[in-house]
Amino acid sequence: RCVPLTDFYDEAQATIDASSQWGTQSNTRWPTVRGETGFVVDNNLVQDSDIRKDTNGVWLHNFLWAGLNSGGLIESYWFENFHIYDCPGGVIPCPLTFDHRDRFKPLSDFLVNIPLNQGGYADIGALGYDNNSIRVIGQKNTPKKLAHLWIQNKKHTWCAVVGGISGCPQTWDLGRLTGSVTISGFTVNETLPVEYWQFDNGANLTKTNSQIPTNNQGELIINLNNLASVTTDVGVKIGNYDQSISITPTISPTPILGDANNDGRVDGADYVIWLTHYNQPVSGPSNGDFNNSGVVDGADYVIWLSNYNA
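Count the sequence shown with my numbering and you get residues 474 to 783, in order.
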């Protein structure tokens, strides 16, 4: 069914709202994919043509990076392909006056070494910034000294950048990110590596790094004034992502033929189990049926004897 959301002009807020409604913060117990997402004019699914004027792909860039919110909703954009790349109806040759498919790769690269699948993450809970002008979303895993977040100038929406879009509540003034963002919960007075994935109005990526010490309250403070003046939004990774993060598999020992009680030895105790079930129509080594024939008989005794004291 068609589920309308109010934030048509602010594509980041649109996916954040959906994630809050259907993601992990709701009653949903499993990862959620919202399918056939699209920006349309009405419930008749008439595609929006204004969004095609966004030749910088601001809408898609913001839509993707807002997915770092802690709700965990995964978007599957379906309507229409020519919102993402200019190929109406898939008719070849495509005009391709714009092609935003490359907007996916920076986010994929950003996420590739973040161990979200291992759990331990919580909402970023950022503090100390101007919520009227700046958006901050993300997650942190403070026991592992890791956090990732996305910081955006709220005025930088697709309709504001395009200009002249009826109903657009924002005006893009080329303003920069200012102020600071505080992340709490880290070890006090510890210096952590920080990566900045800075984007400008054309979604051009510039990466920089720094080392930031936490204060005596375990807070890490990101100074936005240190970013390039053309930065419209920035992905931030806090912590050491070069560390080896692996899961050690549990390897079960190979069963020994004749070991009915699975204690790693073939001995008299296993013989007693075989004898107790002799001539019975039972199956499985735990019943003395070592060849899984469905009956405990002489053939199983031979297996026990051949492996005795093994």
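Just so it is clear, CB atoms sit at the ideal spot from N, CA and C, and this is done for glycine as well.
Remember, predicted model here, so these are calculated numbers, not experimental data.
Would you tell me roughly how many angstroms separate the C-alpha atoms of residue i and residue j, rounded to the nearest one?
i, j, result
"Ala701", "Trp670", "11 Å"
"Phe512", "His556", "9 Å"
"Gln643", "Gln591", "39 Å"
"Lys459", "Phe763", "The structure shown has nothing for residue 459, since the chain only spans 474 to 783."
"Gly767", "Asn752", "10 Å"
"Asn604", "Pro566", "45 Å"
"Asn698", "Val514", "38 Å"
"Gly636", "Asp715", "42 Å"
"Leu619", "Arg574", "29 Å"
"Thr606", "Pro568", "It should be noted that the sequence gives Ser, not Thr, for residue 606. Their Cα atoms are separated by approximately 37 Å."
"Leu678", "Gly593", "29 Å"
"Asp480", "Trp495", "16 Å"
"Val564", "Tyr558", "12 Å"
By a C-beta neighbour count over all protein chains shown, 10 Å radius and 16 as the cutoff for buried, is residue i buried or exposed?
i, result
"Asn529", "buried"
"Pro579", "buried"
"Gln612", "buried"
"Thr681", "exposed"
"Arg576", "buried"
"Pro758", "buried"
"Val769", "buried"
"Glu663", "exposed"
"Val609", "buried"
"Thr687", "buried"
"Asn626", "buried"
"Ala633", "buried"
"Asp523", "buried"
"Trp503", "exposed"
"Leu622", "buried"
"Val786", "No answer is possible for residue 786: the residues shown for the chain start at 474 and end at 783."
"Thr615", "buried"
"Glu484", "buried"
Report, in whole angstroms, the separation of the C-beta atoms of residue i and residue j, which I expect to be a contact under 8 Å.
i, j, result
"Trp631", "Trp538", "Incorrect: roughly 13 Å between the Cβ atoms, too far for contact."
"Gly508", "Trp551", "7 Å"
"Ile694", "Ser653", "5 Å"
"Ile597", "Ile656", "6 Å"
"Leu650", "Thr727", "Going by Cβ atoms, the distance from Leu650 to Thr727 rounds to 59 Å, so no, they are not a contact pair."
"Gly544", "Ser492", "3 Å"
"Pro666", "Gly712", "7 Å"
"Ile489", "Asn542", "5 Å"
"Ala733", "Gly761", "6 Å"
"Tyr781", "Val745", "No, Tyr781 and Val745 are not in contact; Cβ-Cβ is about 13 Å, not under 8 Å."
When the cut-off is 8 Å and only beta carbons count, does residue i lie next to chain E?
i, result
"Ser759", "Among the chains of the structure shown, chain E does not appear; only one protein chain is present."
May I ask you to list the residues that DSSP assigns as paired with residue i?
i, result
"Pro754", "DSSP, once it has assigned bridges, lists no residue as partnering Pro754."
"Trp623", "Ile610, Gly708"
"Asn696", "Ser653"
Handout entry: Whole runs of the alpha helix (DSSP H) within the segment 537-600, excluding any shorter than 4 residues
Key = Fully enclosed alpha helix (DSSP H) runs of no fewer than 4 residues occupy 554-557, 577-584 of the segment 537-600, in order along the chain.
Handout entry: 3 or more residues per run - each beta strand (DSSP E) lying fully within the segment 650-682
Key = 653-656, 664-672
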